[in-house]
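Using my numbering, the first residue of the sequence shown is number 1, and each one after it goes up by one.
Structure first, then comments.
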Amino acid sequence: MSHIINVSSLKKNYGNVKAVKGIDFHVNEGELFAFVGPNGAGKTTTIDIICTLLKPDSGAVIVNGYTLGKQDDKIRKNIGIVFQDNLLDNLLTIKENLYTRGSFYGLSSKELSAAVEKAARAADVESFYNRPYGKISGGQRRRADIARALVNTPKILFLDEPTTGLDPQTRKSVWDTIRNLQKGTGMTVFLTTHYMEEAAKADYIAIIDNGRISAKGTPSELRAKYSTDTLRLISKDNERLTTFLNEQNIKFIISSGAFIINISNTLGALPLVNKAESLISGFEVISGSMDDAFVKITGHVMREDAG
Ligand code: ATP
């Protein structure tokens, strides 16, 4: 699969603040790439650099075959950007906003209508198309922002924390819009988020923490490598189960009346459950979550006050 974005040895300081400390990663064409990290990790700095809005101190970035710093105009023509701030005019309807935006691209009126209609469909804004931007909900605004970024039919769509500040249900529906858009058009989507459960639905994840990439891989690779599955045993007789586990040299803790044991993978529970069958009245295997993986990778929980 070809790399539509390649970032190598990228560095950026703001005075004494080392925001990005020499990072390397790539994005595969047509995939949904999640760039995950807590507040201040360096996500916006990185995305701003890739989108030609900020100059790096050193390193190389190639976007769709074009070299950052030398072919920035070409890069800008190939990307659409959705930032956290609302950029549309509150008084204009979504349709009027999209036409205004589209008029920057020197299209004929027929091409302009086709581009605007296509963007509106892809971002799922048709049900509030004729309402003023200032009078729609937060989730609808996000979709309208996405439609705006699609008017020039970009090859890569960048979204900086598209779901931050939305309630969980709206976050899910905006996420579904982004996913459907990426699947339906084959567009590459690069988004930043601090919600691990969202990142788990991406094709590939890079985790940035304190200016460095601390892990990257598909969600299942990261889960397999960093999160721990657990086995919960409900004992018939605590004393006998304790003796049995000690004899087997198996570490456990007792929590809420159950024996909790870390296992390398869910299948690892089988032999133990078989051996302990006569001593337990039930068991449960819990797969490690992306949140677990994040804690293992960064050594801390994602701060929920982000954004
Ligand atoms: P958030 O999730 O809060 O948006 P982030 O991961 O996008 O965070 P950045 O905004 O890239 O992080 O910031 C990385 C570091 O650089 C932080 O320590 C931040 O305070 C600092 N920083 C960002 N922009 C500037 C600036 N213009 N001047 C000085 N320091 C900055």
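Every residue gets a Cβ at the ideal spot worked out from N, C-alpha and C, and that includes glycine.
Hey, how far is the Cα of residue i from the Cα of residue j?
i    : j    : result
D48  : R232 : 46 Å
L54  : T45  : 8 Å
A199 : A34  : 6 Å
N249 : L181 : 51 Å
L107 : E96  : 16 Å
S214 : I207 : 6 Å
P162 : V174 : 8 Å
N64  : K183 : 19 Å
P154 : S256 : 52 Å
D237 : G268 : 23 Å
L245 : F259 : 10 Å
I254 : S281 : 15 Å
K11  : K43  : 12 Å
V285 : I263 : 9 Å
F283 : D292 : 21 Å
T177 : R141 : 13 Å
A115 : T298 : 42 Å
A19  : I5   : 20 Å
G40  : V17  : 11 Å
L241 : G186 : 54 Å
R101 : L88  : 9 Å
L91  : A119 : 20 Å
Would you mind sorting residue i into buried or exposed? The rule is 16 or more other CB atoms within 10 Å of its CB.
i    : result
E247 : exposed
T243 : exposed
Y14  : exposed
T67  : exposed
P168 : exposed
E277 : exposed
F25  : buried
E111 : exposed
K216 : buried
L270 : exposed
T218 : exposed
Who are the near neighbours of residue i in its chain, counting only those whose CB is closer than 7 Å to its CB and skipping five residues on each side?
i    : result
E304 : Residue placement at E304 is flagged as unreliable, the pLDDT there being 46, under the threshold of 50; a coordinate-derived value is accordingly withheld.
A149 : G80, I81, V82, L157
G288 : R223, S227, T228, D229
G139 : L166, T170, S173, V174
I234 : A258, I280, S281, G282, F283
E31  : T188, D203, Y204
F252 : L245, F259, I260, I261
M196 : V36, M290, D291, F294, M302
L130 : At residue 130 the sequence reads Asn, which differs from the Leu that was named. Excluding sequence neighbours, N130 sits near T93, K95.
With DSSP collapsed to three states, give me the class of residue i.
i    : result
K216 : strand
I250 : coil
R131 : coil
T46  : helix
N13  : strand
K155 : coil
N238 : helix
V295 : helix
N97  : helix
L222 : helix
A29  : The identity of residue 29 in the sequence shown is Glu, whereas the question assumes Ala. Note: E29 maps to coil in three-state DSSP.
A34  : strand
S58  : strand
A206 : strand
I75  : helix
N274 : helix
Y195 : coil
A123 : coil
G40  : coil
G184 : helix
S8   : strand
K118 : helix
E111 : helix
Who are the near neighbours of residue i in its chain, counting only those whose CB is closer than 6 Å to its CB and skipping five residues on each side?
i    : result
I146 : V82, A123
K21  : G211, R212
S2   : E29
V125 : I94, R143, A144, A147
P56  : L10, K12, I49
N152 : Y105
Output needed for residue i: all residues of its chain with C-beta closer than 8 Å, excluding positions within five of it in sequence on either side, in chain order.
i    : result
I136 : I94, F128, A144
N78  : V63, N64, Y66, P154, K155, I156
Legend entry - the stretch 184-194 touching the stretch 223-241, judged by at least three CB pairs closer than 8 Å: no
Legend entry - contact_flag[the stretch 82-91, the stretch 59-74] where n(CB pairs < 8 Å) is 3 or more: no
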